[in-house]
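J.:
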Amino acid sequence: MSTEPETPIQSPIAGPAPFAEVAVGAAEVRGARTFHYAVPPALDARLVPGQLVLVEFGKRHLHGVVMTRSDQCPVADPKPILDIIWDTPFLDHRRLEFARWLAGRFGASMAEAVENLLPANIARYITLYYVPRDGTPAAAAAALTAAERRALDRLRADGPMSTAEIAAAIGKTVAVKGLPRMVNEGWLRRWTELELPAGGTVCASLLLATREVDRVIVELFRAPKQRALLRALANLVGPVPVKELLTLAGAGHSSLKALQRAGHVRIEHIYRIPEPPPATPSTAGLREAGSADWRSLETFLDRDGHGVCVLLGDPTRRIPSYVQAIEKTLAARRQALVLAPTEREARALYEQIVATLSGQVAFSGDARTPGSRVGLWRAARAGEIDVYVGPRSAVYAPLTRLGLVIVDREEDRSYKEAAGGRVQARDAAIELGRAHLCPVVLGTATPAVETFYNVESERYRFILMQSDDLLRQTRLKVGRGWGALGPGGTVGTVDMRTAPVMGHGGMLSEEFFTGLKDALAQGGKAVLLVNRRGSASMTICRECGYVFTCPDCDNRLVQHRSIESLVCHSCNHRQPAPRRCPECGAGRLRLWGHGTESVLGALRALLPLERVDRIDSNLPIEQVRAVAEGFRRGAIRVLVGTSLLFSVEAALKADFLGIVQADIGLTFPDFTAPERVFQQLMRLRQAVLGGDLEGRMVVQSLMPDHHAIEATRIGSYLKFYRSEIAVRQEHDFPPFTRLARFIYTHRDATNARTEALRLAELLNGVLAENSDSSVQLMGPAPCFRARERGAYRWHILAYGPDEQVPPLLAVPHRGWTVDVDPVDLV
DNA sequence: AGCACGCCGACT
DNA sequence: GTCGGCGTGCTC
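Numbering of the first sequence is given in my numbering, commencing with residue 23 and proceeding in unit increments.
#1: Does the stretch 421-435 touch the stretch 362-381, meaning 3 or more C-beta pairs lie closer than 8 angstroms?
#2: Using alpha carbons as the reference points, say which of Glu746, Asp714, Gly717 lies closest to His729.
#3: Which residue wins for smallest C-alpha separation from Leu819, given the options Gly528, Ala832, Pro844, Val699?
#4: Under the three-state reduction of DSSP, which class applies to Ser723: helix, strand or coil?
#5: Which term fits Cys606, buried or exposed, when burial requires 16 or more other beta carbons within 10 angstroms of its beta carbon?
#6: Around the Cβ of Arg809, are there at least 16 other Cβ atoms within 10 angstroms (buried) or fewer (exposed)?
#7: Using DSSP with H/G/I as helix, E/B as strand and the rest coil, what is Tyr568?
#8: Rounded to whole angstroms, what's the CA-CA distance from Pro509 to Arg444? Just pull it up for me.
#9: For Ile485, is the classification buried or exposed, using 16 other Cβ atoms within 10 angstroms of its Cβ as the cut-off for buried?
#10: Give a yes or no on whether the C-beta atoms belonging to Tyr821 and Val797 are separated by under 8 angstroms.
#11: Take the Cβ of Ile188 as the centre, count every other Cβ of all protein chains shown within 10 Å, and call the residue buried at 16 or more, exposed below.
#12: Taking 7 angstroms as the limit between beta carbons, can you name the residues of its chain near Gly405, skipping five residues before and five after?
#13: Looking at Trp123: is its Cβ nearer than 8 angstroms to the Cβ of Glu453?
#14: So, are the CB atoms of Ala256 and Val235 less than 8 angstroms apart?
#15: With distances taken Cα to Cα, identify the nearest neighbour of Leu359 among Ala657, Ile658, Leu711, Ala451.
#16: How should Gln446 be labelled, buried or exposed, when 16 other C-beta atoms within 10 angstroms of its C-beta is the threshold for buried?
#17: What residue does the alpha helix (DSSP H) around Tyr344 start on, and which one ends it?
#18: Go ahead and pull the three-state DSSP assignment for His291.
#19: Could you give the DSSP three-state label for Gly455: helix, strand or coil?
#20: Between Pro62 and the rest of its own chain, which residues show a CB-CB distance below 6 angstroms, the 5 nearest in sequence each way excluded?
#21: So Glu43 is in the beta strand (DSSP E); what residue range does that whole segment cover?
#22: Can you check which of these residues, Leu711, Arg705, Arg780, Pro100, is closest to Ala470 by C-alpha distance?
#23: Do Asp770 and Met725 count as a contact pair if the criterion is CB distance below 8 angstroms?
#24: Look at the Cβ atom of Gly47, then the Cβ atom of Ala832, and state whether they are nearer than 8 angstroms.
#25: Quick one: which unbroken beta strand (DSSP E) runs of 3-plus residues sit fully inside the stretch 742-786? Chain order, please.
#26: Quick one: residues in its chain with C-beta nearer than 6 angstroms to the C-beta of Arg654, no 5 flanking neighbours on either side, listed in chain order?
#27: Less than 8 angstroms between the C-beta atoms of Val287 and Leu229, yes or no?
#28: With a 10 Å radius around its C-beta and 16 neighbouring C-beta atoms as the bar for buried, classify Gln18 as buried or exposed.
#29: Within this structure, are the beta carbons of His768 and Tyr814 separated by less than 8 angstroms?
#30: Would you check whether the ligand SAH has a heavy atom nearer than 7 angstroms to the C-beta of Ala389?
#31: Can you find at least 3 beta carbon pairs, one from the stretch 266-277 and one from the stretch 289-299, that sit closer than 8 angstroms?
#32: Report back the beta-carbon spacing between Val634 and Val670 to the nearest angstrom; my notes put them in contact at under 8 angstroms.
#33: Examine the Cβ distances between the stretch 732-752 and the stretch 517-535 and report whether three or more of them are shorter than 8 angstroms.
#34: Out of curiosity, what's the CA-to-CA distance linking Ala49 and Cys603?
#35: Would you call the CB atoms of Ile637 and Leu679 closer than 8 angstroms?
#36: Figure out for me which residue from Phe385, Cys331, Arg400, Val516 has the closest Cα to the Cα of Val463.
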């Protein structure tokens with residue numbers, strides 16, 4: 023493929039680096055491609071890497087970020103850089119290279135990668151202004167169109183105007199085409215301004231020295247309100263929020279404005295990191311935990327430079343170690359970045375860290391408005407933040423003295439962006455650690471397969487967290503060492519192909535029900551996982567075999583008895599529950615399978631006196647919380663839920679954990695499904711039975727011999743890992759290869775197919791050109807969900823050595839989705 | 001996003 | 001033959 027740059031030409035101009043390599047803000051240019059521009063003499067002394075600049079790209083005016091200054095240029099006649107939008111560089115060389123890595127690794131555009139690292143939506147705050155030049159060439163006036171003439175007259179009369187203002191006043195064509203031409207021909211001068219939204223709280227600060235205050239107060243004998251304001255300000259230290267100040271002094275805005283006009287007071291937006299919430303008992307006393315755990319982590323942190331370690335243990339052990347590691351980092355006057363898979367988990371981590379540490383701890387979820395986000399960005403950039411906690415987007419936080427990166431529950435799929443650049447934030451965090459030469463700690467109880475593969479091949483350090491006493495208990499229980507370190511209770515599987523079943527629909531085995539009843543009889547509580555909402559996952563005609571499917575997707579419609587409807591769980595299409603078959607007209611319909619609603623129904627029939635309830639995404643979030651709280655208090659004794667249970671993890675402690683059907687997904691053509699099933703079940707076991715040796719978990723499955731189910735039964739991560747890594751190796755799946763998935767969606771079936779075949783041709787062509795490439799293509803083929811929301815979906819998989827996949831990522835034209843390291847193949 | 005270029009069908 | 005519609009690829 024012709025991504026090889028043409029032979030670079032040496033600059034004929036003497037002097038330093040006459041060219042600049044720019045990451046242009048054009049989102050459609052895929053891959054780590056940059057463009058070179060000439061540095062005009064007027065900007066030569068000022069232009070440095072990391073600056074935001076204005077360039078022409080095709081016919082468009084776009085912003086860009088200077089990556090490097092260069093002696094060489096891959097094209098003969100580069101365009102000039104038009105202007106420096108902001109003199110202070112936004113990004114240092116580490117973050118510029120981080121952006122390059124992000125775009126190259128995930129096949130996103132440089133524009134997306136760079137903009138992730140800048141204040142959000144920066145393009146929105148760039149304005150181009152135009153003003154007439156003195157002594158414009160009168161003779162050339164005929165060269166202007168009537169509209170351009172009007173624009174010029176307007177500018178002469180009213181002074182500088184922005185592109186948007188001229189578009190509104192004169193017309194869009196003039197604004198977009200005429201203005202650039204008039205600049206080129208010397209009629210107009212153009213400049214750029216960046217006006218970021220003001221962040222944070224409006225604060226007032228005193229501009230007077232203490233002894234001057236008394237003098238001014240005397241002068242202001244006729245203005246009691248202003249006197250009160252000055253006194254209040256003089257008694258407080260530093261900038262005071264205007265709102266507080268006015269209340270305190272009992273004064274109004276006009277008095278404050280008068281002081282500002284007189285030059286006694288400055289009023290400005292100041293972003294302040296929100297006050298931490300008050301410490302709760304659960305956040306106190308973190309530091310007392312396992313000193314043995316800490317010693318091994320400390321040894322790792324003491325090594326100089328970059329390295330990755332996997333901290334294996336349950337959250338109650340991981341978090342105290344995080345806190346100690348952060349303290350160590352702060353003591354060395356460096357910053358720590360802490361990532362969690364979801365904002366909810368990030369907030370929980372933040373609350374625990376902030377309760378224990380002294381230092382400025384920021385939680386990215388606290389900054390919601392554009393202004394406060396810019397404020398937080400600035401504060402981080404200025405080095406005012408010691409610890410930055412957040413979900414995956416926090417990996418882009420502008421920390422310049424980064425000394426430690428922590429990724430909690432590194433195995434979670436939420437770290438992968440589902441749209442946009444499709445960045446895997448855990449991997450980005452590791453790269454960030456490499457760029458900053460600092461340690462990266464991956465915390466987990468069930469490492470991702472690719473992570474543990476790196477442990478096994480000794481690229482990552484491994485630290486097993488557990489006190490001697492826990493280890494002894496565990497050995498007593500299972501006698502299998504750490505690999506079988508189940509988080510609590512005992513586990514049994516039930517083979518649903520042969521087990522005696524009971525209850526309406528036969529969804530519960532006798533063993534399951536006995537376990538549940540025993541727990542309740544002893545005054546315990548129970549959590550039941552049902553991986554589906556609704557009451558029946560398939561509605562089928564008993565006469566002709568017709569199955570109700572979504573008109574827009576390939577999905578079967580799910581029966582929801584509570585709203586008497588059939589619902590598509592992919593696009594939310596709804597239709598009334600049918601009475602007869604639309605094909606043959608027969609009235610004998612069979613409801614097949616089950617969901618939260620039907621399990622709840624069966625339980626109410628079997629345990630009429632028991633308080634049972636359910637949570638799933640059909641319910642509003644407040645109700646989910648209320649039900650969870652009821653369960654925690656014991657007002658509800660049996661809780662049925664989907665994976666939404668994880669959103670109320672802390673309330674789930676119980677004595678019985680039932681998995682109604684563990685193998686949903688295991689039959690999908692998706693190599694990540696076993697890992698998902700195993701992680702989900704292990705995590706739920708930790709949440710429900712964690713720390714308890716008596717509790718009972720029963721796993722119902724149609725394929726109890728599957729390695730994911732078997733490993734769940736014996737509670738062994740190693741058992742799971744060994745089987746799974748063998749499957750991955752056999753099929754050439756990650757971590758043995760890098761996998762890229764190209765997805766195309768189109769309303770028209772033929773169009774989707776043709777386009778998929780065309781891209782396959784193109785990719786094959788690129789591969790054929792490079793004879794030593796060992797990348798393999800799979801497909802094109804319809805996706806597992808071949809139709810969704812009325813559109814047809816096709817995909818192509820490319821897999822091969824890490825360094826050979828990226829060149830393919832820039833091949834597909836717009837309309838294709840490129841997904842590197844996809845988390846599923848549906 | 002916009003523009004140039006090339007391929008195909010409809011017309012002089 | 002040539003004009004133009006649209007699909008495809010390039011923009012330093």
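Every residue gets a Cβ at the ideal spot worked out from N, C-alpha and C, and that includes glycine. Model, not experiment: these values are computed from the prediction.
T.: Answer, in terms of the structure:
#1: yes
#2: Glu746
#3: Pro844
#4: Ser723: strand per DSSP, three-state reduction.
#5: Of the other Cβ atoms in all chains shown, fewer than 16 fall within 10 Å of the Cβ of Cys606; this residue is therefore exposed.
#6: buried
#7: coil
#8: 32 angstroms
#9: The residue is buried, with at least 16 neighbouring Cβ atoms inside 10 Å.
#10: yes
#11: buried
#12: Thr422, Arg423, listed in sequence order.
#13: yes
#14: Taking 8 angstroms as the Cβ cut-off, Ala256 and Val235 qualify as a contacting pair.
#15: Ala451
#16: buried
#17: 337-353 is the extent of the alpha helix (DSSP H) around Tyr344.
#18: strand
#19: helix
#20: Pro102
#21: 41-46
#22: Arg705
#23: no
#24: no
#25: 760-768
#26: Ala673
#27: yes
#28: Nothing about residue 18 can be reported from this structure: the residues present for the chain run from 23 to 848 only.
#29: yes
#30: Only the bare structure without any ligand can be found here, which leaves the ligand SAH out of the picture.
#31: Taking 8 angstroms as the limit for Cβ pairs, the verdict is that the stretch 289-299 does not touch the stretch 266-277.
#32: Going by Cβ atoms, the distance from Val634 to Val670 rounds to 16 angstroms, so no, they are not a contact pair.
#33: no
#34: 49 angstroms
#35: In this structure, Ile637 lies away from Leu679, with their beta-carbon atoms at least 8 angstroms apart.
#36: Cys331
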